[in-house]
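Protein chains in written order, with our numbering: chain A, 366 to 479; chain B, 4 to 147. The beta-carbon is built from N, C-alpha and C at its ideal position, and this holds for glycine as well.
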Amino acid sequence: MSVKLNTRQVGDVSVVDVSGRITLGEGSSALRDSLRDLMAQNNKKILLNLSEVSYIDSSGIGELVSGFTTVANSGGTLKLLGLTKRVKDLLQITKLYTVFDVHEDEAHAIRSFA
Amino acid sequence: MDTTSQTLLDQDYPSTLESVDEAEAAILQAAASVGFDEDEQHRIGMSVRECMVNAVVHGNRYNRNKIVHVGVSRAGEQFTIRVVDQGEGFEFVEVPNPLEEDNLLKHSGRGLFLMGAFMDDVKVRKATPEGTEVTLVKNVPPLQ
Numbered sequence: 366m367s368v369k370l371n372t373r374q375v376g377d378v379s380v381v382d383v384s385g386r387i388t389l390g391e392g393s394s395a396l397r398d399s400l401r402d403l404m405a406q407n408n409k410k411i412l413l414n415l416s417e418v419s420y421i422d423s424s425g426i427g428e429l430v431s432g433f434t435t436v437a438n439s440g441g442t443l444k445l446l447g448l449t450k451r452v453k454d455l456l457q458i459t460k461l462y463t464v465f466d467v468h469e470d471e472a473h474a475i476r477s478f479a
Numbered sequence: 004m005d006t007t008s009q010t011l012l013d014q015d016y017p018s019t020l021e022s023v024d025e026a027e028a029a030i031l032q033a034a035a036s037v038g039f040d041e042d043e044q045h046r047i048g049m050s051v052r053e054c055m056v057n058a059v060v061h062g063n064r065y066n067r068n069k070i071v072h073v074g075v076s077r078a079g080e081q082f083t084i085r086v087v088d089q090g091e092g093f094e095f096v097e098v099p100n101p102l103e104e105d106n107l108l109k110h111s112g113r114g115l116f117l118m119g120a121f122m123d124d125v126k127v128r129k130a131t132p133e134g135t136e137v138t139l140v141k142n143v144p145p146l147q
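Structure, rendered in structure tokens:
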């Protein structure tokens with residue numbers, strides 16, 4: 366299964382529900398396009414829900430990092446929600462876990478943007 | 004200890020992203036057959052994916068006239084994967100450490116690091132007459 370993305374608005378926060386695999390090719394480019402669209406629409410509070418993401422490779426990690434820096438450089442904030450154990454392990458191994466603001470609970474994550 | 008080498012996979016793949024998926028699936032099957040659990044299969048699969056992406060994208064540069072050779076064998080306690088491309092090759096020492104502060108937020112450069120984190124041994128060398136050969140080794144778990 367490749368990646369699926371669905372964006373919904375919760376107050377002024379754009380929540381992107383991601384499911385499937387974020388890997389080189391379709392998966393990572395779909396994520397990049399989705400974040401680019403949100404930025405183009407001036408959405409500056411973005412929460413990536415990764416709870417249904419089964420697999421991320423180094424290209425997917427690269428897209429997360431690029432998204433994070435692009436949003437931050439535009440004055441916005443990108444946060445992560447619901448990491449699976451494997452994704453969490455991957456971010457810890459690559460020392461990126463502390464770079465991102467990671468949340469377990471959506472309501473808490475939404476409030477943290479205030 | 005039985006050190007007889009058993010070939011589990013010996014396959015040439017075209018330089019496409021589909022080959023990455025195919026090689027990963029084939030090696031996952033081989034890893035399961037020798038007794039690796041799901042977490043170890045995931046680590047092996049991910050290492051193979053990173054290795055195949057390097058071979059297809061950076062080594063052979065998607066050139067459909069070039070192939071990536073993948074060999075998988077088991078000898079004693081060692082499960083060994085060899086991935087050989089036909090690219091120009093590179094020096095292992097040239098790869099920057101992705102954990103250094105200056106590199107932490109870079110888009111790419113984590114593939115080899117992840118292979119090293121997930122496998123018991125990783126060797127990279129220039130192949131003859133051309134290309135890069137990456138050897139990934141994982142120790143097979145003892146029978147329960």
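Apart from the five residues on each side of it in sequence, which residues of its chain come closer than 6 Å, Cβ to Cβ, to residue i?
| i | result |
| --- | --- |
| B:N57 | G114 |
| B:H72 | D15 and V87 |
| B:P101 | G112, R113 and F116 |
| A:T449 | none |
Helix, strand or coil for residue i? Go by DSSP, reduced to three states.
| i | result |
| --- | --- |
| A:T434 | helix |
| B:V75 | strand |
| B:N57 | helix |
| A:N422 | Note on identity: in this sequence residue 422 of chain A is Asp, with Asn being the wrong assignment. Looking at A:D422 - three-state DSSP - the assignment turns out to be coil, as it is neither helix nor strand. |
| B:S18 | coil |
| A:K450 | helix |
| B:F82 | strand |
| A:V464 | coil |
| B:L117 | helix |
| A:S367 | coil |
| A:Q406 | coil |
| A:G392 | helix |
| A:L429 | helix |
| B:Q89 | coil |
| A:G376 | coil |
| B:S36 | helix |
| B:V98 | coil |
| B:E133 | coil |
| A:L456 | helix |
| A:G385 | strand |
| B:D13 | strand |
| B:S111 | coil |
| A:S399 | helix |
| B:S8 | strand |
Would you mind sorting residue i into buried or exposed? The rule is 16 or more other CB atoms within 10 Å of its CB.
| i | result |
| --- | --- |
| A:S439 | exposed |
| B:T135 | buried |
| B:K141 | buried |
| B:Y65 | exposed |
| A:K331 | For chain A, the structure presents residues 366 to 479; residue 331 of chain A sits outside this window and is missing. |
| A:H468 | buried |
| B:Q89 | buried |
| A:T459 | buried |
| A:G376 | exposed |
| A:L446 | buried |
| B:G38 | exposed |
| B:R128 | exposed |
| A:R373 | exposed |
| B:N63 | buried |
Keeping to the same chain, check which residues put their C-beta closer than 7 Å to that of residue i; ignore five residues upstream and five downstream.
| i | result |
| --- | --- |
| B:P99 | N106 and G112 |
| A:D422 | T388 and L389 |
| B:E25 | Y16 |
| A:V378 | K410, L412, I475 and F478 |
| A:R386 | M366, S367, V368, G392, S419 and Y420 |
| B:V23 | R52, M55, V56 and V59 |
| A:S424 | T388, L389 and S393 |
In its own chain, which residues sit with a C-beta less than 8 Å from the C-beta of residue i, not counting the 5 before and 5 after it?
| i | result |
| --- | --- |
| A:R397 | E428, S431 and G432 |
| A:M404 | T435, V436, S439 and G441 |
| B:Q44 | L31, A34 and A35 |
| B:T19 | V59, Y65 and R67 |
| A:Y462 | K453 and L456 |
| B:E97 | none |
Check: Taking a cut of 7 Å between CB atoms, which residues from the segment 27 to 53 of chain B lie near chain A?
Finding: Flagged, chain order: H45, M49, R52 and E53.
Notebook entry, point to check: Going along the chain, which residues of the segment 113 to 147 of chain B sit with their C-beta nearer than 7 Å to a C-beta in chain A?
Noted result: Those residues of the segment 113 to 147 of chain B that come within reach of chain A (Cβ to Cβ, closer than 7 Å) are R113, G114, L117 and A120.
Margin query: Beta carbons nearer than 8 Å to chain B: which residues of the segment 389 to 409 of chain A have them?
Written below: Under the 8 Å Cβ criterion, the segment 389 to 409 of chain A contributes L389 and G390.
Notebook entry, point to check: Taking contact to mean at least 3 C-beta pairs separated by less than 8 Å, is the segment 427 to 442 of chain A in contact with the segment 114 to 130 of chain B?
Noted result: Not touching, per the Cβ criterion.
Note to self: Residues of the segment 453 to 473 of chain A in Cβ contact with chain B at a cutoff of 9 Å, in chain order, please.
What the structure shows: Those residues of the segment 453 to 473 of chain A that come within reach of chain B (Cβ to Cβ, closer than 9 Å) are L455, I458, T459, K460, L461 and V464.
Item checked: Members of the segment 76 to 101 of chain B that neighbour chain A once the beta carbon cut-off is set at 8 Å -> Cβ contacts with chain A: P101.
Check: When you check each C-beta in the segment 429 to 449 of chain A against every C-beta of chain B, which residues fall closer than 7 Å?
Finding: Listed in chain order, the positions of the segment 429 to 449 of chain A with a beta carbon within less than 7 Å of a beta carbon of chain B are V430, S431 and T434.
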